[in-house]
Amino acid sequence: MTAQDLTAGQELLRLGGVTVRFDNPGGRPALDAVDLDVVAHEIVCVLGPSGSGKSTLLRVVAGLQQAHAGRVLLEGRDQAGVPTHRRGVGMMFQDHQLFPQRDVAGNVAFGLRMRRASRADQERTVAELLELVGLPGAQRRAVASLSGGEQQRVALARALAPRPRLLMLDEPLGQLDRGLRERLVVELRRLFQELGTTVLAVTHDQGEAFALADRVVVMQDGRIAQTGTPLEVWQRPATAFVARFLGFDNVVDATVQGEAAATPWGKVPVPDGTPDGPCRLLVRPAGVRLTPAEEGLPCTVTARTFRGTHVALLLQPAGGPALEAACALRDAPESGERVGVAFAAEDVVILDASAE
Ligand code: ADP
-9 MTAQDLTAGQ ELLRLGGVTV RFDNPGGRPA LDAVDLDVVA HEIVCVLGPS
41 GSGKSTLLRV VAGLQQAHAG RVLLEGRDQA GVPTHRRGVG MMFQDHQLFP
91 QRDVAGNVAF GLRMRRASRA DQERTVAELL ELVGLPGAQR RAVASLSGGE
141 QQRVALARAL APRPRLLMLD EPLGQLDRGL RERLVVELRR LFQELGTTVL
191 AVTHDQGEAF ALADRVVVMQ DGRIAQTGTP LEVWQRPATA FVARFLGFDN
241 VVDATVQGEA AATPWGKVPV PDGTPDGPCR LLVRPAGVRL TPAEEGLPCT
291 VTARTFRGTH VALLLQPAGG PALEAACALR DAPESGERVG VAFAAEDVVI
341 LDASAE
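Just so we're aligned: the sequence shown equals residues -9 to 346 in the working numbering.
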């Protein structure tokens, strides 16, 4: 059975309460009662710091790691006891481990040979896939003669060749340099959409996850901290952990009363409908607006970093933690300048204080 047999939106993968423990008595599990659904044709990226359980999650789905509790279902069927090669899933690892003694075609055809596909079928599929990944006619090239990016494409073609119903990628672009990664990630997304491939990828790189995914799953200590579209997660991080992981540092304890919250930075307006009471609050850098020094919260500019599309500023108020602001290059004050700050309610996010 292949991904092509399922209609977009049908459930392909379901994890229910999956727990994995390694030999660390009293320690926390590597995966802690994880629930996750992936539907056909969806691209899901699991994002999280090193050690948060991302690889273990992939290994459980592939059948390379046993779950100590919970279930893994593929197209509704429990995979307990089903060996890896019977699960119909493909995997591509960071160190893609091409076979150095085989040429490009020999590598791409590997899974097809295992399935005893005819020579003609193998040759046709290899040619089609090399075309798709942007390496037409590379069949006879030696693997050692390829650049890192080209090797990555061959590894991808090899993983796609048996037409897995679910393609799993573990830090697929981890070893490539930034420019190439940014290009490849756009190509990958287009390719998966064209083929209708269902993808479960893991990465620690938020840029990669946000560019590739239809849906992002943020992991923390073996649990899912948040899932949502890249835009939802970016605009509304659910917890202080997710906010900080995305690089947002304007997080403080606050007390909401009516339309504003009392914070160490003074009154900060909150979105309509925010309940009164204590909370954790994030002001996204775009919501820290500069005003003339005599208006708003007085701050000193302590750092100024050019980020290409904007300038990131670090501002130190007289009291309270430093504030990060983002502003256009033409409006950016110099380091050491005194400025005022006002807060924009649309960039204020109330975080779930029960999760840390
Ligand atoms: P990530 O992929 O997010 O870096 P992993 O899934 O590799 O995280 O690891 C999650 C946790 O499980 C870590 O604390 C790691 O040390 C532990 N772990 C992973 N694999 C093993 C193993 N084979 N033996 C013991 N501990 C492991």
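By construction, the Cβ of each residue, glycine as well, lies at the ideal position given by its N, Cα and C atoms.
Sorry if obvious, but does the Cβ on residue i come closer than 6 Å to a heavy atom of the ligand ADP?
i	result
residue 59	no
residue 231	no
residue 46	yes
residue 12	yes
residue 20	yes
residue 108	no
residue 326	no
residue 53	no
residue 356	The chain is shown from -9 up to 346; residue 356 falls before or after that span and cannot be answered.
residue 16	no
residue 43	yes
residue 137	no
residue 40	yes
Measuring alpha carbon to alpha carbon, tell me which of the options ends up nearest residue i.
i	options	result
residue 253	238, 265, 271 and 55	271
residue 184	344, 31 and 136	31
residue 162	74, 117 and 149	149
residue 224	214, 213, 237 and 61	237
residue 187	126, 34, 341 and 8	34
residue 115	274, 300 and 152	152
residue 325	258, 291, 297 and 11	291
residue 171	84, 257 and 295	84
residue -4	285, 55, 29 and 206	29
residue 90	251, 133 and 64	133
residue 2	55, 65 and 12	65
residue 289	309, 299 and 298	309
Does the beta-carbon of residue i have 16 or more other beta-carbons within 10 angstroms, so that it is buried, or is it exposed?
i	result
residue 17	exposed
residue -8	Residue confidence for residue -8 is low, a pLDDT of 47 falling below 50, so the modelled location carries little weight; the figure read from the coordinates is stated next. Flag for residue -8 reads exposed.
residue 424	Outside the displayed span of the chain (-9 to 346) sits residue 424, for which this structure offers no information.
residue 176	exposed
residue 159	buried
residue 109	exposed
residue 82	buried
residue 67	exposed
residue 77	buried
residue 128	buried
residue 196	buried
residue 247	exposed
residue 182	buried
residue 42	buried
residue 198	buried
residue 180	exposed
residue 296	exposed
residue 193	buried
residue 0	exposed
With distances taken between CB atoms, is the gap from residue i to residue j smaller than 7 Å?
i	j	result
residue 52	residue 79	yes
residue 98	residue 131	no
residue 4	residue 27	yes
residue 208	residue 21	no
residue 331	residue 323	no
residue 276	residue 337	yes
residue 241	residue 216	no
residue 268	residue 245	yes
residue 313	residue 278	yes
residue 123	residue 156	no
residue 92	residue 6	no
residue 261	residue 335	yes
residue 23	residue 46	no
residue 311	residue 287	no
residue 316	residue 304	no
residue 230	residue 319	no
residue 348	residue 273	Within the shown structure, residues of the chain are numbered from -9 to 346, placing residue 348 beyond reach of any answer.
In the DSSP assignment, what are the bridge partners of residue i?
i	result
residue 218	206
residue 431	This structure does not reach residue 431, given that the chain is present from -9 up to 346, and the question cannot be answered.
residue 322	Residue 322 pairs with nothing; no bridge assigned.
residue 333	278
residue 87	None, per the DSSP bridge assignment.
residue 43	Per DSSP, none; premise fails for residue 43.
residue 104	Residue 104 is not bridged to any residue.
residue 350	Any question about residue 350 goes unanswered here, given that the chain covers just -9 to 346.
Return yes when at least one heavy atom of the ligand PLP lies under 6 Å from the C-beta of residue i, else no.
i	result
residue 339	Questions concerning the ligand PLP fall outside what the structure shown contains, since the ligands it does hold are the ligand ADP.
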